[in-house]
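Taking UniProt numbering, the leading residue of the sequence shown gets 1, the next gets one more, and so forth.
What follows is a set of notes on a single structure, which appears directly below.
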Amino acid sequence: MGNKRYSLGIDIGTTSVKVCIYDVDSNEVLAKQSKDTQANVPSDLGSEGNKQHVPKIISAMHSCVSRLPKELLKQIKVIGVCGQMHGVMLWSNEQGKFCWERTEVGASGFKFEIDSTKVSNLYTWQDTRCEPKFLESLPVAESHVKIHTGFGCATLFWFAKNRPEKLQKYNCSGSVQDFAVALLCDMEKPVMSSQIASSWGYFNSTTNSWNTSLLEKAGFPVHLLPKVVTPREVVGKLPVSWFGIPAGTPVGAALGDFQCSVLATINNPNEAALNISTSAQIAYLMEDSFQPDPHPVAPPLTYFPYFDNKYLSVGASLNGGNVLATFVKMLQQWSLDLGFSVPQSKVWDKLGELGVKNGSESTLQIIPTLLGERHLPTQNASVLNLDPGNLSLGQVFRALCRSIIDNLHSMISREQLQASNIVKIVGSGSALTRNKVLQTELQKLYQMPVDFISGRGACVGAALAHSSVA
């Protein structure tokens with residue numbers, strides 16, 4: 001029994017936390033749990049700010065792990081954590097005194113009590129406080145990644161220039177998954193993987209270092225930047241048992257949810273990964289020798305550090321399942337305005353049914369960029385070519401689904417995939433795997449074999465990434 005090689009994967013996403021227990025030897029997921037975080041909090045910047053309450057996120061993580069089978073947790077050999085990229089939070093740890101405490105729960109576990117006076121909100125990748133004019137005022141990065149609003153370093157720059165007193169309260173910064181690793185291991189200072197560092201901007205992935213001198217000259221709080229390590233590096237150990245997971249269990253550096261999703265999805269370099277969850281991405285693996293140009297690549301294409309010194313070529317859209325969710329909420333509100341209430345699940349079911357019916361295809365055109373795009377920050381969504389014959393709900397929903405796929409295709413086209421010897425697409429993400437209309441439009445536009453897989457999300461990739469330690 002003690003010879004089992006199980007790893008625990010944790011994915012701290014934009015809307016939910018997912019965890020799984022992965023059997024390294026059989027390549028099977030033995031158990032999984034998920035929980036919506038419901039962590040969004042209002043911003044004093046209105047729709048420009050997007051922030052989340054960190055204690056709620058950590059509570060959701062804790063709840064998920066506590067519901068996994070105890071007999072399996074006792075055999076965990078390593079913990080891998082990943083999560084939403086780009087976002088930043090701040091906290092303050094004093095020597096020998098952390099901003100969290102452990103409270104015992106029953107015989108086999110504990111929960112974390114976080115001192116909210118010493119922890120900021122999480123400012124997410126959806127935060128748009130950094131307007132184009134502000135971004136233009138920042139120094140040009142010595143990095144292949146161009147800086148955008150919602151990126152950790154851009155948000156910290158904004159605070160340095162607009163709310164400097166906020167930064168003075170804290171001595172640590174990181175992504176929410178970096179914070180999770182720090183509190184699991186009782187780390188006084190956080191450690192960040194190059195995957196997350198690259199997503200913050202102002203990071204040179206070739207030298208594996210921040211643009212420190214450039215940032216210092218521009219008045220950036222460089223003392224807050226975490227130490228960066230390579231992906232798959234073990235950065236700490238559980239100091240005490242956690243719901244039966246043995247004390248001393250190694251914990252890996254936190255990783256990007258997208259990289260982990262790709263790791264769990266594709267099996268060979270001739271496959272592309274297409275993920276639609278809250279946002280949407282399409283990516284494929286670059287050849288082993290590839291190194292990105294040190295100057296930012298022309299949008300919308302970018303390169304993400306992957307594993308083993310490799311890179312992914314990525315088309316990353318801000319608009320995915322969040323656009324469909326907004327459409328559903330709009331329909332619910334319209335129904336309420338007309339005097340009746342429709343449950344969200346019923347709206348989704350009806351849309352799926354109408355969207356695949358004969359006659360749902362139409363000449364209606366939608367540009368789905370409700371949140372703009374990183375390379376087109378001021379572009380809004382729009383509807384074109386309306387006529388009396390294309391106004392049915394099924395036609396509108398199908399056109400909306402088609403537009404999300406069209407938008408990804410404009411970033412990485414079928415022709416680009418073929419030129420890179422890609423022969424198959426593997427589709428994942430809850431918004432895609434639950435939506436037959438999206439699946440149909442994807443197959444229709446890319447015209448190559450597509451496999452749709454569920455249950456192999458980013459938490460599986462996080463467990464898989466550190467499986468060699470198990």
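The C-beta atom is built at its ideal place from N, Cα and C for all residues, glycine as well.
- Fully contained in the UniProt domain "Carbohydrate kinase FGGY N-terminal" (6-95) are the following alpha helix (DSSP H) runs of length 4 or more, in chain order: 54-66, 70-73.
- DSSP assignment within the segment 98-147 yields the following whole beta strand (DSSP E) runs of 3 residues or more, N-terminal first: 100-105, 109-114.
- Distance from the CA atom of E415 to the CA atom of Q395, rounded to whole angstroms, is 28 Å.
- If the five residues before and after L351 are omitted, its C-beta is found closer than 6 Å to the C-beta atoms of F397, all from its own chain and listed in chain order.
- Listed in chain order, the alpha helix (DSSP H) elements of length 4 or more contained wholly in the segment 197-259 are 212-217.
- Here the alpha carbons of F220 and C172 stand approximately 14 Å from one another.
- Excluding its 5 nearest sequence neighbours in each direction, P300 has C-beta neighbours in its own chain below 7 Å: G315, E373, H375, M411, listed in chain order.
- Residue state for K310 is assigned as coil, using DSSP reduced to three classes.
- From the listed residues P246, L255, L224, D23, the smallest Cα separation to V234 is found for L255.
- By the Cβ test, the segment 272-287 is in contact with the segment 314-332, since at least three Cβ pairs between them sit closer than 8 Å.
- Counting along the chain, no beta strand (DSSP E) covers L338, and no H or E run does either.
- If you look at F452, you'll find it in the beta strand (DSSP E) that goes 450-452.
- For the pair S175 and I196, the CB atoms are nearer than the 7 Å cut-off.
- Here Y446 is not bridged, per DSSP, to any residue.
- Separation of the CB atoms of F258 and M85 is rounded to 6 Å, and the pair is thereby assigned contact status at 8 Å.
- The beta-carbon distance between K118 and S92, rounded to whole angstroms, is 4 Å. This is short enough to meet the 8 Å contact definition.
- Distance from the Cα of V140 is smallest, within the candidate group T128, D127, V251, A154, for A154.
- Rounded to whole angstroms, the separation of the alpha carbons of G359 and I58 is 46 Å.
- In chain order, P190, M192, A254 place their CB closer than 6 Å to the CB of D178, counting only its own chain and leaving out the 5 sequence neighbours on each side.
- In terms of CA proximity to F110, I245 leads the group F327, G457, I245.
- Beta-bridge pairing by DSSP links G174 to M89.
- For the set L391, N390, Q365, S392, the Cα lying nearest the Cα of S382 is the one of Q365.
- DSSP places N275 within a strand segment (E or B) once states are collapsed to three.
- When DSSP states are grouped into helix, strand and coil, I425 belongs to the strand group.
- The beta carbon of T15 is closer than 8 Å to those of D36, T37, T278 in its chain, skipping five residues each way along the sequence.
- Just so you know, the alpha carbons of K424 and R434 end up roughly 20 Å apart.
- Shortest Cα-Cα distance from P343 to any of D406, K169, Q332 involves Q332.
- In the structure shown, A283 falls within a strand segment according to DSSP collapsed to helix, strand and coil.
- When rounded, the separation of the alpha-carbon atoms in N319 and L370 is 7 Å.
- Judged by their CB atoms, L225 and Y170 are not nearer to each other than the 7 Å cut-off.
- Per DSSP, the beta bridge partners of A316 are Q281.
- Exposed is the label assigned to H223, since fewer than 16 other Cβ atoms lie within 10 Å of its Cβ.
- Cβ-Cβ distances below 7 Å link A463 to S7, L8, G9, C20, Y22, G80 in the same chain, with the five nearest sequence neighbours on each side left out; the list follows chain order.
- Counting every other CB atom within 10 Å of its CB across the protein chains shown gives G150 a total of 16 or more, marking it as buried.
- Between K133 and K146, the alpha-carbon positions lie close to 15 Å from each other.
- Within the same chain, L370 come within 7 Å of T326 by CB-CB distance, once the 5 residues on both sides are set aside.
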